[in-house]
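Here is the structure we will look at, set down as structure tokens.
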Amino acid sequence: MCLKYLRLPGERSLQKIFLTTTMLSAIFMASPQQSSAKALNVEHNQLVAAAPIKGTVRDEKNQPLPGATVKIKGTTTSVAADINGAFTINASKGDVLVVSFIGYQQQEVKVGDASTISIKLQPTDKTLDEVVVMGFGTMKKRDLTGAVSVVKAEDIVARPGPDPIESLQGRVAGLDISRSSGQAGSGVNIQLRGTRSLGASNGAPLFIIDGLPGDYSTLNANDIESIQVLKDASSTAVYGANGANGVIIITTKAGKAGKMNIDFNSYYGYNGWSVVPKMLTGESYLQAKRDAYSYVWDATNLKWTTTGAIWQSPADDPTIFGAQRWALYQQGQFVDWPSVFLRKNPATQNYSLAVSGGTENTKAYVSFNYQNENGQYTGDDYKNYATNIRIDHKVRNWVSIGANLKASYVVRNKATDKLENALTTDPLVQPYNADGTLNTVLGNNVYNLLLNYQPGVYANTDNNSRVFFNPYVEIRPIKGLSILSRAGFEMDYSNTYRFDGIGSVAYVYSNANIAKASITQNRFQGIQWENILTYNFKIKRDHDFTFTGASTYYDNKNTNTQQNQSNITSNNFEWYKMTGDVNTTATSSYTMSKNMALIGRLNYSYKDKYLFSASIRHDGASQLYYTNRWDNFFGFSGGWRISQENFMAGTKSWLDDLKLRVSWGQTGASSIPSYSSQQNVESANAALGGTTAPIYRFSRFQTNSELRWERSTTTDIGLDASVLNNRINLSLDYYNTGTPNAIYPVGLPIIYGAYMPGTGYLTNINIANTNNKGIEVTLNTRNIVKKDFEWSSALTYSYNKEKVLKITNGANNVANSKSGVSNINDGNYTLMIGQPVNSFRDFKLDGVWQIGQEQDALAFNKRPGDLMVDVPGLTHVGPGVYTKTAADGTVTYYYGNLTLAQKYNPALTAATNYYNYGSADYQPVGHNNPDWSLGFQNTFRYKSFDLGIYTYMRWGQTISYTMMGWYQPNGFATNASPSRTFPANFNYWTPTNPSNDFPVMNYQSTTSNMVGFSGLSYVNGSFLKIKNITLGYTLPASIAKKIALQKLRVYATVTNPLIITKSPLLKDYDPEMNGSMAYPLTKQLVFGLNVTL
Amino acid sequence: MKNQYIKRALVKAGLCLSLLVVSASSCKLDEYNPASLSEQNTITSFAGWKAYQTNCYVGLWGSLIGLQYGLVSEVGTDLWTFSYNNHNQYKDIMAYEGFTNTSGIINNVWTFAWGSIEDCNKTIQLAPTLSDAATNAADIKVLVAEAKVLRAYYYSVIVTQFGSVPLIVTNDPSKTLSPTRTPVAQIYTQIISDLTTAAADLGTTPYQNNAARVTKKAALGLLARAYAQGAGEGLSENGKSYWQRAKEVCDDLINNKAAYNAAMYDDFAQVFASANNRNNIESLFTAYGLNPYDPSYDVFTGNTKPNLYLHYYPKLDDAFGTADVFKRSVNSNTSNGYYGRLNQQFVAPTKYLINCFNANYDKRWENTFVTAFANYSGVQAINSLGSGAPAPANVTYAAATVTLTAAMCTKYGIDASHVGQKIYPYADVNAKNASANATWQYIPKIWNLGDHSGDPNTGATTVANANITPYPLAANDDRFFVYLSKTPLTPADKATRVYATVNIDDMFDPSDPTGSTYKAVAPSNGLPNGGALANLFPAMMKFNHNFDGGWLGGNFQQKLGNIMVMRMAEVYLIAAECCFHGAGSATDAANYLNVLRKRACRNPADFNTATGMQLTTATQNDVFDEYARELCGEFSRWALLKREKAFETRLAAYNKTAAVNFVPAIHYNRPIPFAFLNTITNGAEFGTNGYQ
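Protein chains in written order, with numbering that gives the first Met the number 0: chain A, 0 to 1092; chain B, 0 to 691.
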């Protein structure tokens, strides 16, 4: 019994780690236990004459199992193994010894002739008995009928970093996580099973932290006990309106009865070593310049010729540079901007201390965490001071109370992120002038960040305090019945202070020599109240019912104030001296939302074999138009544990468990912005005749009284199997989610007016039908299990196929755009029938017109070297002639040479009829969500060493790579304003280099007249990465004990050591950044320490 | 038992609690939005409605007078072409090249012209229902009339550019996504009706003396213009052609100028003088600019501030680099305080437009075009602010002075005899701090010729319009580094000049007899600096006005000055035009034109038939020419060629670049933008106006 208390009720995989703990405990406990065993032996000796049998009890890794019980079957004779796992028992030949130990499968051994027996126990698979946290309740894993993934504490801390969720990348099949920014403290993008909702903010899963919706970003990863990801709609239906994009439930650690535990975890390391594209410099820059001037286009003969070109020989180099820049070139003054702007090895560190313990009745957990991450830009850092305090107290057997307080204080300094602009500017400009002062004229739109690196000149600081207080009371008046009332109070105070002082980047470049400061304060108050009634009862022993009834109420308020100060006369003042005169402005705004729901759920299980669950949620949200605020969401699921069937008895030797799950459920999304379902009148000011005129105007969103809840319906079929003594665990899921009425804000035709000039009215419409189908595989194997060596693997694979099936508006199967500029929607993506939601629409390129295709190119008024745009519906009828047939059957001929065209249509008379590429030719050019992703973790353990290698693949996504747009041939012109450069690996076209990657390098070509150029940015972003490698060493328990430690582990982790991209265009670029170049992702090397006292 | 009892009680209490929670809050899901108001408690009474009415003006000062409509209403005509032989930007509207319905600038015009119509409709519609309509009847009448003028103006832009469009005159809560087109005639009827009623209801001084508000003369001016434009569509009214009606309205305005508070300046130089920018007596309809010194600057709700002037200016750094004679360039983001941030150079005058001016007598030449370019200093700013002078003004006299070297002379074709001579700045700016976002205003003086003191108190003068440079430029004027000479200068004459000189005639490519092609920038073009001076062209300066000071510190590409959408001179031109459509004689036409020609004379004595400034009779071509001289750039040329059905003839004669692509069946209307068609459900049926 004592042992049982000392053992941490941890997961199977933790057991080995805790074995040392157990052993230590066993020493304390050994004497009384052994003496009682002796007493028993004495007693038996008197009854049976038997020879003493000696033996040892060991675990699957040959470690002794002290305290294991050895009993003679059918008798009361039993002994306990000693600290070395050895035992002696008086048994006769033919007796059956029953050997048991908590956490291990009981084993029976028949006593034969041998007087020594070696027994090896296999651990019991406790996974099925693990408790999984579901919405408004818990459930044993064996009873699960939905698709739920569980991530354990040790996996969450396996990858050091500020964002606990980042470590889930690749761990949960179906959960797509990517981090696109290397900025200190930046978060991740999360998407579960594809995109259903269309609004940008609607895609993220709902996070439930200790039962209530919350924000995980400042949670200490060391405080997390487990993370459960509810994926199918029957699991998430109880979250109704907010469950459409999946639910991630985070459970934090609580105190446990027994000995006090003190855990100390820390790491220290460095960020940096970003891969950044190498730009043209030196010889390669000179060559590009020469290429730009080596040819002229002879329009009469349709060819590129060197005759009359400005560059004929190296003697012309000074001409193409201009005297001034030629001198600079000769000095070889090329700047390596990344090394000028980025710090070498910014440190990252974390210190976390947790103390927990308690009695049967009162348990407590307190932790403190300090995290400090530095980014690569000077002045870019993130500090988080967090605490988590939790008390659970059982007042009586039938009533418990408790409370949890999570508090954090984040200080974050943000740098100006203009690396991209610097990379692409004139490589001959210098960060410093000859006199040593900073050079402020790097070129158009290029900022010398060193200005902001001057002391006292610039600051952009967030400080955010967050307190989440969460008390509860639980009453268990009769057996099986529990009533839990839980409240949550969240207060976030986020402040952003910004100062662009005299001499700063903004002062010099954009604020016209005016120093400015601003204070932005955002106050969020959330009140949550949930009441949950759970009643578990059995009928006739085999029929197990659990009824759950719950009510929830969430009330969120956001107040935002902003103050701005301009004309600050001294950098001393920063934001501390707002003057309250004409140079000061202040604004405030307020938003709120309320949600309410009633939930009912029934779980039924028959003999643990047939499982069934049904739920309903009645949900209301304030954001919806008042007539359509409430709706119902249903969920059903069933499970069949096939392995429990009698006819499966024969498979017991190798099949441990087999379960089939089927579920169906509905979830909703109401998360349209507050106040966007009903039009009202805003009060504002306008300038009229040089004076201020107060005005009223209508709000941007026009009322749509028809707007209803967006609903997703998901069917999920899953199979869980574990075989070969749980050496192999497999989980398979297929799902199909339909969202027939996704909400989308569409622009009203401009003939009905504008909210402000150029900004049309919007209205939310249940516009589209989206569908997601996918397969998820999770495979955990223990490949090699030896005494000193163990190798286990965990593989997750997810494949998702996403489609927009219907759009009720718009031409060309394209949803109308909010901005109304072209048929590209706002936010880069365009909604198109048959394509995934986050799809790009632009010119689709067929490469570059090549020499030999002059006549064909001419039909488009293009030359070899210009971009070849794929035009849907165009037929190539012969050299230099194309046709297009209109809906009414009219055939139009396009050509640049009448003679050629007349061969096909003698009636043509116009000298030319060029086909003009235009945005009407836009096509789908890829989607930003991956087709599939794969996470592959391999863990090796050799004696006290452990090694983890984590590989991650994300495949099939298209990214809009920002560097592509900087290809600019006329940036090499003598008088270019400004001069430019681009990555050295950009393979551009010249008459002697028939590249299909980039159009012609000619100083007279501008990207604005190379129609189709915007289509160049879309690059296949598929990649394979070794995300991290961790090598750890755990001090053997025997040594640890001597220095009074339960556990001591040191480790080193390398993050992002290797990246392999599919597209050669992404040389020296990490595609996980998703096209951006602002804050390059870093490689990381940290050293860490885990200590348990 | 007792325990049992307590438990039961607690169960009950718990259940009740849950129910209470549910019932207490179930009906409380209403939104609370303290920052918004309802239509009922705001705009249904006079005060709120009046505040709403201001929205009708919001669309006016922005794109409709900026780059977007500014170019769409002028280019693609006989007046303007590409600067150097370069078809980079806006080739769709400038030369009908690659013109599709995805043209961004056309979509802007469409979007901005429509934007405020709904506000006008709602204003007009609400007026009779206001709770206190009776007590405010007089004010309501004026404000409704204003809304009608604005609605008519917006519709006139749309119908001129796009032809038949949906006519929407009420704010109907149910909005069809399958709109249908209304015939052009019906749209003109609505415009005429709005303007006629408004003219009757408006006073001659603006409501509450707010100069942004329209008055009777605006309604009448626009009425004359709308009749003329509608006349081009062959419309008539009560048996009278629109031409006749247009002429009647013009004559009424001309004959009763004083009664309508309309006027003409005696001297053309006054029309664009800085001092007359805010209260221009010649203006009939003004887009009133922002006041940088007033907090209203920071609450501007329109779209972009106009940057129209910029597109008519050459990129000086492309021509000169930044290393020798031209002192500051766009490469410095703080830019050049005198010309602003010139980085566009889209539009240059055709040879036809240049030749329209007889610069010997007609001062409209130098009052319209900048042909000499100079550096500037910031001595006033440095004197008043010391080291606190903002960077664009922190230019000492010495720093703005260039000493000619032999290399410079060779490079720019300046005679070697001038080596060692200096080129001084032309302007000197002060810097004055304005509102938070307007930042600095740069107020210029002009250095007196021959004064090299560097002291702006004695050596510089405040002039009426600092954009104007002397014409003709004296050979010894050492305040300029380049001069584009309208009169061809001989090499001998050029050699006397201390600055680079280019004959404007030499800038045109001789292979285009229509004069619509400037030479390409190439070493072989025969122009100085390795051919780079082909980047230059006469710069149209009419929109280079910033109310106070030349330049807006907040954005060196934008200007805050008022922009005249219509001025009195156009009324004379319309009247003359009508004479050739049955509403008068050739002599009548000459008389109207003479009013404009007389005040344009450099010397009053030049107004006679010998100089050609005075006409005794006129041809229709004289009308076209006079429109060009007087109104070039002022939002009118494209509409003129459209109503005169003159694109084919005039493009063929004066703008071959555009003529080769002009398809009459298509290009008389602009494409219906794709973006709009994409928001309606009957896009295919609505049609693009024939565009691809």
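Just so it is clear, CB atoms sit at the ideal spot from N, CA and C, and this is done for glycine as well.
On a predicted model such as this, the values are computed, not experimentally measured, just so you know.
Less than 8 Å between C-beta atoms, sequence neighbours within five positions excluded: which residues of the same chain meet that for A/R696? Walking along the first sequence from the start, residue 696 of chain A turns up at place 697. Taking A/R696 as the centre and dropping the five residues before and after it, the same chain places the C-beta of V680, E681, A683, Y754, M755 closer than 8 Å to its C-beta, in chain order.
Strictly below 8 Å CB to CB, what residues from chain B border A/Y589? Taking the first residue of the first sequence as position 1, residue 589 of chain A is located at position 590. At a C-beta separation below 8 Å, A/Y589 has these neighbours in chain B: N32, P33, A34.
Please classify A/K343: is it buried, with 16 or more other beta-carbons within 10 angstroms of its beta-carbon, or exposed? Within the first sequence, residue 343 of chain A is the residue found at index 344, counting from 1. With a threshold of 16 other beta carbon atoms within 10 Å, A/K343 falls short and is exposed.
Under 9 Å between the Cβ atoms of A/Y471 and A/L483? Indexing the first sequence from 1 puts residue 471 of chain A at position 472. Indexing the first sequence from 1 puts residue 483 of chain A at position 484. The Cβ atoms of A/Y471 and A/L483 lie closer than 9 Å to each other.
Give the secondary structure of B/V329 by DSSP, where H, G and I count as helix, E and B as strand, and everything else as coil. Position 330 of the second sequence, counted from the start, is the residue given in the question as residue 329 of chain B. The pLDDT assigned to B/V329 is 37, lower than 50, so where the model puts this residue is not dependable, and the model offers no usable value.
Which residues, in order along the segment 644 to 657 of chain B, keep a beta-carbon less than 8 Å from a beta-carbon of chain A? Within the segment 644 to 657 of chain B, no residue has a Cβ that lies closer than 8 Å to any Cβ of chain A.
Closer than 9 Å, Cβ to any Cβ of chain B: which residues of the segment 662 to 686 of chain A, in chain order? Hits within the stretch, in order: S673, Y674, S676, Q677, Q678, N679, V680, E681, S682, A683, N684, A685, A686.
Option nearest A/S932 by Cα separation, candidates A/Y328, A/T1054, A/G773, A/N782: For this step, residue 932 of chain A is matched to residue 933 along the first sequence. For A/S932, the nearest C-alpha among the options comes from A/G773.
For B/T43, name the three-state secondary structure that DSSP assigns. Residue mapping note: residue 43 of chain B aligns to position 44 of the second sequence, counting from 1. The three-state secondary structure of B/T43, taken from DSSP, is coil.
Taking Cβ positions only, does B/E145 come closer than 9 Å to chain A? Numbered from 1 along the second sequence, position 146 holds the residue referred to as residue 145 of chain B. Output row for B/E145: interface = no.
What first and last residue would you give for the alpha helix (DSSP H) that runs through B/H666? Position 667 of the second sequence, counted from the start, is the residue given in the question as residue 666 of chain B. B/H666 -> alpha helix (DSSP H) spans 663 to 666.
Determine contact between the segment 727 to 747 of chain A and the segment 760 to 770 of chain A, defined as no fewer than three beta-carbon pairs at a distance below 8 Å. Segments in contact, yes.
Leaving out the 5 sequence neighbours to the left and right, which residues in its chain are closer than 8 Å to A/S1013 when beta-carbon positions are compared? The residue given as residue 1013 of chain A occupies position 1014 in the first sequence. The answer, listed in chain order, is D841, F842, G964.
Three-state secondary structure (DSSP) at A/F100? One-based indexing of the first sequence puts residue 100 of chain A at position 101. Correct three-state label for A/F100: coil.
Quick check: the Cα distance between A/Q375 and A/G331, rounded to an integer number of angstroms? Walking along the first sequence from the start, residue 375 of chain A turns up at place 376. Walking along the first sequence from the start, residue 331 of chain A turns up at place 332. Rounded to the nearest whole angstrom, the CA to CA distance from A/Q375 to A/G331 is 27 Å.
Beta-carbon spacing of B/D265, B/R628 below 9 Å: By one-based count along the second sequence, residue 265 of chain B stands at place 266. By one-based count along the second sequence, residue 628 of chain B stands at place 629. Cβ atoms of B/D265 and B/R628: not closer than 9 Å.
Inter-residue spacing [alpha-carbon to alpha-carbon] between B/F368 and A/N995: Taking the second sequence and counting its residues from 1, one reaches residue 368 of chain B at position 369. Taking the first sequence and counting its residues from 1, one reaches residue 995 of chain A at position 996. The straight-line gap from Cα to Cα measures roughly 46 Å.
Helix, strand or coil for B/V723 per DSSP? Because chain B is modelled from 0 through 691, residue 723 of chain B falls outside the range shown and cannot be assessed.
Terminal residues of the alpha helix (DSSP H) in which B/G682 lies: On the second sequence, position 683 is the one that residue 682 of chain B refers to. That run of the alpha helix (DSSP H) goes 682 to 685.
Using only CA atoms, which one of A/A322, A/A458, A/L437 lies nearest to A/G378? Working through the first sequence from its first residue, we reach residue 378 of chain A at position 379. Of the candidates A/A322, A/A458, A/L437, the one whose C-alpha sits nearest the C-alpha of A/G378 is A/A458.
Buried/exposed call for B/R150, threshold 16 Cβ in 10 Å: Your numbering for residue 150 of chain B matches position 151 in the second sequence. The residue in question, B/R150, is buried, as its Cβ has 16 or more Cβ neighbours within 10 Å.
Residues of its chain near A/Y508, where Cβ-Cβ distance is below 7 Å and the 5 sequence neighbours each way are ignored: Within the first sequence, the letter at position 509 stands for residue 508 of chain A. Answer for A/Y508: Y446, listed in chain order.
Identify whether B/C631 lies in helix, strand or coil by the three-state DSSP scheme. Your numbering for residue 631 of chain B matches position 632 in the second sequence. Three-state DSSP puts B/C631 in coil, outside helix and strand.
Whole runs of the alpha helix (DSSP H) within the segment 453 to 516 of chain B, excluding any shorter than 4 residues: Runs of the alpha helix (DSSP H) lying entirely within the segment 453 to 516 of chain B, each at least 4 residues long, are 455 to 458, 490 to 494 in chain order.
So with CB distances below 9 Å, who are the chain B contacts of A/A620? The count along the first sequence starts at 1 and reaches residue 620 of chain A at position 621. Ordered by position in chain B, the residues that pass the 9 Å Cβ test against A/A620 are L28.
Under 9 Å between the Cβ atoms of A/V1094 and A/K140? Here chain A has residues from 0 to 1092 only, and residue 1094 of chain A is not among them.
Taking CB distances under 9 Å as the criterion, tell me whether B/F98 reaches chain A. Against the second sequence, residue 98 of chain B aligns to sequence position 99. Taking Cβ atoms only, chain A reaches closer than 9 Å to B/F98, which makes this a yes.
A/D541 and A/Y605 - do their beta-carbons sit closer together than 9 Å? Translated into the one-based positions of the first sequence, residue 605 of chain A becomes position 606. Translated into the one-based positions of the first sequence, residue 541 of chain A becomes position 542. A/D541 is positioned such that its CB atom lies closer than 9 Å to that of A/Y605.
Taking 9 Å as the threshold (beta carbon to beta carbon), is B/W439 in contact with chain A? Your numbering for residue 439 of chain B matches position 440 in the second sequence. For B/W439, the nearest CB of chain A lies under 9 Å from its own CB, placing it at the interface with that chain.
Amino acids of chain B, ordered along the chain, whose beta-carbon sits closer than 8 Å to that of A/N512: Reading the first sequence from its first residue, position 513 is the one you call residue 512 of chain A. Per Cβ cutoff of 8 Å: T333, P389, A390, P391, T438, W439, G552.
According to the neighbour-count rule (16 or more other Cβ atoms, all chains shown, within 10 Å of its Cβ), is A/V130 buried or exposed? Position 131 of the first sequence holds residue 130 of chain A. By the 10 Å Cβ count, A/V130 comes out exposed.
Applying a beta-carbon distance threshold of less than 8 Å, which residues of chain B neighbour A/L747? Within the first sequence, the letter at position 748 stands for residue 747 of chain A. Residues of chain B passing the Cβ test: K174, T678.
Per DSSP, what are the beta-bridge partners of A/W848 in this structure? Stepping through the first sequence from its first residue, residue 848 of chain A is reached at position 849. Per DSSP, none; premise fails for A/W848.
Assuming B/V156 and B/I104 are in contact, meaning their beta carbons sit under 8 Å apart, how far apart are those beta carbons, in whole angstroms? Residue numbering aside, residue 156 of chain B sits at position 157 when the second sequence is read from its first letter. Residue numbering aside, residue 104 of chain B sits at position 105 when the second sequence is read from its first letter. About 14 Å; that fails the 8 Å criterion.
Pair within 9 Å by beta-carbon distance, B/L341 and B/L307: Numbered from its first residue, the second sequence carries residue 341 of chain B at position 342. Numbered from its first residue, the second sequence carries residue 307 of chain B at position 308. No, Cβ-Cβ distance for B/L341 and B/L307 is not below 9 Å.
Looking at the C-beta of A/Q121, does it have a partner C-beta in chain B at a distance below 9 Å? Locating residue 121 of chain A in the first sequence gives position 122, where the first residue counts as 1. Among the CB atoms of chain B, none fall inside 9 Å of the CB of A/Q121.
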